[in-house]
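In order, the protein sequences belong to chains A and B.
Everything in the first sequence is counted per the UniProt record's numbering, starting at 1 for the first residue and increasing by one.
Everything in the second sequence is counted per the UniProt record's numbering, starting at 1 for the first residue and increasing by one.
Glycine is no exception: its CB is placed at the ideal position from the N, C-alpha and C atoms.
Note that the structure is predicted; figures quoted are calculated from it, not measured.
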Amino acid sequence: MTTGPLRETQLQRTRRFSFRRRIHNRSRRAPPPPLASPPPSVASLPAMSIFEYNGSAVVAMVGKNCFAIASDRRLGVQLQTVATDFQRVFKIHGKLYIGLSGLATDAQTLYQRLAFKHKLYQLREERDMKPETFASLVSALLYEKRFGPYFCQPIIAGLGEKDQPFICTMDCIGAKELAKDFVVSGTASESLYGACESMYKPDMEPEELFETISQALLSSVDRDCLSGWGGYVLIVTPTEVQERVLKGRMD
Amino acid sequence: AANGVVIATEKKLPSILVDETSVQKIQSLTPNIGVVYSGMGPDFRVLVRKSRKQAQQYYRLYKETIPVTQLVRETAAVMQEFTQSGGVRPFGVSLLIAGYDDNGPQLYQVDPSGSYFSWKASAMGKNVSNAKTFLEKRYTEDMELDDAIHTAILTLKEGYEGQISANNIEIGVIRADREFKVLTPSEIKDFLEEVE
Numbered sequence: 001m002t003t004g005p006l007r008e009t010q011l012q013r014t015r016r017f018s019f020r021r022r023i024h025n026r027s028r029r030a031p032p033p034p035l036a037s038p039p040p041s042v043a044s045l046p047a048m049s050i051f052e053y054n055g056s057a058v059v060a061m062v063g064k065n066c067f068a069i070a071s072d073r074r075l076g077v078q079l080q081t082v083a084t085d086f087q088r089v090f091k092i093h094g095k096l097y098i099g100l101s102g103l104a105t106d107a108q109t110l111y112q113r114l115a116f117k118h119k120l121y122q123l124r125e126e127r128d129m130k131p132e133t134f135a136s137l138v139s140a141l142l143y144e145k146r147f148g149p150y151f152c153q154p155i156i157a158g159l160g161e162k163d164q165p166f167i168c169t170m171d172c173i174g175a176k177e178l179a180k181d182f183v184v185s186g187t188a189s190e191s192l193y194g195a196c197e198s199m200y201k202p203d204m205e206p207e208e209l210f211e212t213i214s215q216a217l218l219s220s221v222d223r224d225c226l227s228g229w230g231g232y233v234l235i236v237t238p239t240e241v242q243e244r245v246l247k248g249r250m251d
Numbered sequence: 001a002a003n004g005v006v007i008a009t010e011k012k013l014p015s016i017l018v019d020e021t022s023v024q025k026i027q028s029l030t031p032n033i034g035v036v037y038s039g040m041g042p043d044f045r046v047l048v049r050k051s052r053k054q055a056q057q058y059y060r061l062y063k064e065t066i067p068v069t070q071l072v073r074e075t076a077a078v079m080q081e082f083t084q085s086g087g088v089r090p091f092g093v094s095l096l097i098a099g100y101d102d103n104g105p106q107l108y109q110v111d112p113s114g115s116y117f118s119w120k121a122s123a124m125g126k127n128v129s130n131a132k133t134f135l136e137k138r139y140t141e142d143m144e145l146d147d148a149i150h151t152a153i154l155t156l157k158e159g160y161e162g163q164i165s166a167n168n169i170e171i172g173v174i175r176a177d178r179e180f181k182v183l184t185p186s187e188i189k190d191f192l193e194e195v196e
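Written as structure tokens, this is what we have:
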């Protein structure tokens with residue numbers, strides 16, 4: 001057994017050597033166990049569908065020579081509400097409106113692109129686009145992005161030739177679905193389907209249509225945590241457009 | 001005409017040995033738009049191909065048949081492109097595009113420069129000044145389509161050297177049913193007999 005500095009170095013070497021071996025061994029062992037509970041950060045919640053990131057509810061209904069389109073007003077970032085006056089229904093021209101549910105950023109960008117295309121169309125052809133034509137345009141635009149889609153489900157509602165109401169919806173890659181009575185989309189769509197199916201009657205006058213669509217919207221968003229904070233309803237007839245803001249359960 | 005459009009042309013073949021049925025000067029661009037040309041045949045074929053493709057692209061985007069003005073505008077834009085790009089020459093054809101859409105019957109002339117005009121009645125090619133004078137006298141706005149066909153045949157006859165027959169001319173017609181049809185030789189023969 002040596003003494004003095006040599007012994008010290010030997011010890012140091014041994015310590016250092018075993019220290020390195022311990023690190024090497026640790027990397028071969030299983031990773032350290034996770035913390036007891038995840039830190040309170042919103043971003044690390046279990047994966048939500050991208051369509052449920054912002055939360056939305058949009059519905060359109062056909063009445064007698066008129067149509068109604070309505071949406072909720074909540075903008076959320078997963079569970080946190082960020083705005084209570086978010087616009088989801090946009091005007092294309094006096095008799096054509098589009099409601100965009102799903103990811104809010106895609107809704108806004110898609111609306112800007114569509115408004116651009118429609119304005120050019122108006123300048124070139126010197127007339128407004130028919131709702132059926134506009135629906136085909138939206139469908140083509142969405143399918144262009146087939147493998148990197150806009151995460152939106154549009155609802156298109158308009159008065160066509162001879163002021164016949166026209167509504168349709170499509171999925172995020174452009175599969176058109178025409179309907180004669182009502183169309184729904186958004187996180188609250190399942191409750192909306194049920195509510196509309198039971199409350200809808202054909203050939204309703206504008207006032208009755210307003211009541212029906214408002215009730216359907218409010219009762220459905222009450223069942224959905226991601227949409228709500230009131231409603232915004234537009235009733236469009238050949239002669240006028242009525243906008244109303246609804247106050248429901250503000251949560 | 002008031003309820004349709006008619007376009008007609010003479011088919012001048014280089015020799016009597018040429019099979020007339022293989023030469024088609026009047027073509028359709030869409031089921032409701034037809035076109036006739038005066039000038040170089042091959043240039044015409046290229047333009048017809050491009051215009052048909054543009055009409056179909058429009059339909060694919062909007063699921064609506066292209067209005068006549070839009071197709072004329074796009075065809076004229078192609079012709080203008082070839083007057084300004086490098087290494088290409090302008091198209092050696094003037095087109096008469098006839099169509100029937102929601103704005104009624106329409107007739108457009110497109111020049112190699114790319115400028116286009118809407119006409120109630122027009123002529124181009126050989127003998128154009130005489131033909132136009134004849135049309136100015138004979139054309140009325142509310143004439144029926146059959147009268148218009150007769151007028152067109154007479155206008156062709158004015159400048160035709162030799163004998164007009166059902167095989168030497170081509171006539172294309174769109175009526176209110178919005179279907180562009182090239183008349184068969186037997187139908188042309190009926191009209192010729194009426195004119196005589």
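- Counting C-beta pairs closer than 8 Å gives fewer than three between the region 125 to 138 of chain A and the region 184 to 197 of chain A, which falls short of the contact rule.
- Excluding residues up to 5 positions away in sequence, Pro67 lie with their Cβ nearer than 8 Å to the Cβ of Asp102(B) in the same chain.
- By the rule that beta-carbons nearer than 8 Å mark a contact, Lys53(B) does not touch chain A.
- Against chain B, a Cβ distance below 7 Å from Ser219(A) picks out nothing, because the smallest value is about 36 Å.
- For Ile50(A), the number of other beta carbons within 10 angstroms of its own is below 16, and it is reported as exposed.
- At a Cβ-Cβ threshold of 8 Å, Asp224(A) and Ser191(A) count as neighbours.
- For secondary structure counted as the beta strand (DSSP E) over 3 or more consecutive residues, the region 197 to 246 of chain A holds these complete runs in sequence order: 231 to 236 and 241 to 246.
- In the displayed model, Tyr193(A) falls within a helix according to three-state DSSP.
- Collapsing the DSSP output to three states places Pro105(B) in a strand.
- Per the coordinates, the alpha-carbon of Ser189(A) lies some 10 Å from the alpha-carbon of Ser227(A).
- Taken in chain order, the whole alpha helix (DSSP H) runs of length 4 or more contained in the region 119 to 183 of chain A are 131 to 144.
- Secondary structure of Glu74(B) (DSSP, three-state): helix.
- Under the 8 Å criterion on CB atoms, Thr133(A) is classed as interfacial with respect to chain B.
- If you check the CB distance, Asn3(B) and Glu179(B) do not come in under 8 Å.
- Listed in chain order, the positions of the region 54 to 69 of chain B with a beta carbon within less than 8 Å of a beta carbon of chain A are Arg60, Leu61, Tyr62, Lys63, Glu64, Pro67 and Thr69.
- A Cβ-Cβ distance of about 15 Å is found for the pair Gly39(B) and Ala76(B), leaving them out of contact under the 8 Å criterion.
- Within the region 63 to 92 of chain A, contact with chain B at the beta-carbon level (separation under 9 Å) is assigned to no residue.
- By the rule that beta-carbons nearer than 8 Å mark a contact, Arg124(A) touches chain B.
- Rounded to whole angstroms, the gap between the alpha carbons of Glu243(A) and Leu95(B) is 51 Å.
- If you look at Ile171(B), you'll find it in the beta strand (DSSP E) that goes Ile169 to Ile174.
- Between the alpha carbons of Gly86(B) and Leu71(B) lies a gap of roughly 25 Å.
- CA-to-CA, the gap between His118(A) and Glu64(B) works out to about 15 Å.
- Taking 8 Å as the CB threshold, Leu137(A) lines the interface with chain B.
- Counting along the chain, no beta strand (DSSP E) covers Ser49(A), and no H or E run does either.
- Taken atom to atom, the span from the alpha-carbon of Ser122(B) to that of Ser15(B) is near 28 Å.
- If the five residues before and after Lys132(B) are omitted, its C-beta is found closer than 8 Å to the C-beta atoms of Ser122 and Ala123, all from its own chain and listed in chain order.
- Taking the C-beta atoms as reference points, Ile153(B) is found nearer than 8 Å to Val195(B).
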